[in-house]
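Some notes on the structure that comes next.
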Amino acid sequence: VEDPDLFEGDMRLTDAQRLAAQMGQDIDSPSARGGIKTGRWPEGVMAYTIDRSLSNRAMNAIRAGMKMWTDNTCIRFKERTNEYAYARFWRGRGCSSMVGRTGRRQDISLAGGCWYPGTVAHEIGHALGFYHEQSRPDRDNYVTIHWNNISPNMKFNFNMYPRSTIDSLGTPYDYRSVMHYQGNAFSSNGRATITAKQSGVTLGNRRQLSKVDIQQMNLMYKCSG
Numbered sequence: 565v566e567d568p569d570l571f572e573g574d575m576r577l578t579d580a581q582r583l584a585a586q587m588g589q590d591i592d593s594p595s596a597r598g599g600i601k602t603g604r605w606p607e608g609v610m611a612y613t614i615d616r617s618l619s620n621r622a623m624n625a626i627r628a629g630m631k632m633w634t635d636n637t638c639i640r641f642k643e644r645t646n647e648y649a650y651a652r653f654w655r656g657r658g659c660s661s662m663v664g665r666t667g668r669r670q671d672i673s674l675a676g677g678c679w680y681p682g683t684v685a686h687e688i689g690h691a692l693g694f695y696h697e698q699s700r701p702d703r704d705n706y707v708t709i710h711w712n713n714i715s716p717n718m719k720f721n722f723n724m725y726p727r728s729t730i731d732s733l734g735t736p737y738d739y740r741s742v743m744h745y746q747g748n749a750f751s752s753n754g755r756a757t758i759t760a761k762q763s764g765v766t767l768g769n770r771r772q773l774s775k776v777d778i779q780q781m782n783l784m785y786k787c788s789g
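What follows is the structure, given as structure tokens:
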């Protein structure tokens, strides 16, 4: 069963963000963020809790997913003490996350099929402020969307957004991004829904961060060194 509250399959929006999206406005604008201009975590530190609904296997995946970011960027994670804004990992419906820091508690949902380090790293990427790679405004130069193969009620997942919404910070299009859809995402018939215009390319991965994932996160959070 598809969750109607999810945007692009696994991103949860605040009410203001959802309204902006429905009106075709920038969902990451200051007004949609309630005064938070960028939705970034101060000094790149995300406070978090892990709900008791999650198993040891899930917790291991969370730690490993965090490590993928801390090993390669200046992003850090700390267990919540009294922070008002924090991320709660819990066993919800499917794999999903809010986009960027919302300024209060925000949930990262990890159902049983999400307990893999790369999947957790993907959802953490959303919480840190990343959208899906194939939503970039220049994506049509690099991939082809096969609309006839996409489930009718899932076509919105393949929307492309303007530069006012997505700032790729000058990085090249990244076929191997941990934030990129795989080739058969939301297929209605088992056929490809998205293919690369460059031959010999595999779309997406959930095994490791790509070089561009790392570069983009370091640029977004102004990591030094």
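In the numbering used here, the protein residues as written are 565 to 789.
Built from N, CA and C at the ideal position, the CB exists for glycine as well.
Distance, Cα to Cα, residue i vs residue j?
{"i": "Met632", "j": "Tyr725", "result": "27 Å"}
{"i": "Ile591", "j": "Val663", "result": "The pLDDT assigned to Ile591 is 38, lower than 50, so where the model puts this residue is not dependable; a value taken from the coordinates is nonetheless given after this. One C-alpha to the other measures close to 10 Å."}
{"i": "Gly689", "j": "Glu647", "result": "20 Å"}
{"i": "Leu767", "j": "Tyr650", "result": "31 Å"}
{"i": "Phe653", "j": "Met743", "result": "19 Å"}
{"i": "Asp738", "j": "Gln780", "result": "10 Å"}
{"i": "Arg669", "j": "Ser752", "result": "35 Å"}
{"i": "Arg627", "j": "Asp615", "result": "14 Å"}
{"i": "Ser732", "j": "Arg700", "result": "7 Å"}
Is it right to say residue i is buried, meaning 16 or more other beta carbons lie within 10 angstroms of its own, or is it exposed?
{"i": "Leu692", "result": "buried"}
{"i": "Thr666", "result": "buried"}
{"i": "Thr708", "result": "exposed"}
{"i": "Arg621", "result": "exposed"}
{"i": "Ser595", "result": "Note that Ser595 scores 29 on pLDDT, short of 50, meaning its location in the model is unreliable and no value can be drawn from it."}
Can you tell me which of the three DSSP states residue i falls into?
{"i": "Trp711", "result": "helix"}
{"i": "Leu783", "result": "helix"}
{"i": "Arg627", "result": "helix"}
{"i": "Gln670", "result": "strand"}
{"i": "Cys659", "result": "strand"}
{"i": "Ala622", "result": "helix"}
{"i": "Trp679", "result": "coil"}
{"i": "Phe653", "result": "strand"}
{"i": "Val765", "result": "coil"}
Does the ligand GDP have a heavy atom nearer than 6 Å to the CB of residue i?
{"i": "Arg668", "result": "Absence of the ligand GDP from the depicted structure is noted, as is the absence of any ligand whatsoever, leaving it without description."}
So, residue i versus residue j, is the Cβ gap smaller than 7 Å?
{"i": "Asp777", "j": "Ser741", "result": "yes"}
{"i": "Arg644", "j": "Ala611", "result": "yes"}
{"i": "Tyr785", "j": "Gly608", "result": "yes"}
{"i": "Thr757", "j": "His710", "result": "yes"}
{"i": "Asn723", "j": "Arg755", "result": "no"}
Does the segment 655-662 come within contact of the segment 633-640, defined as at least 3 CB pairs closer than 8 Å?
-> no
Are at least three pairs of beta-carbons, each pair with one atom in the segment 747-764 and one in the segment 666-677, less than 8 Å apart?
-> no
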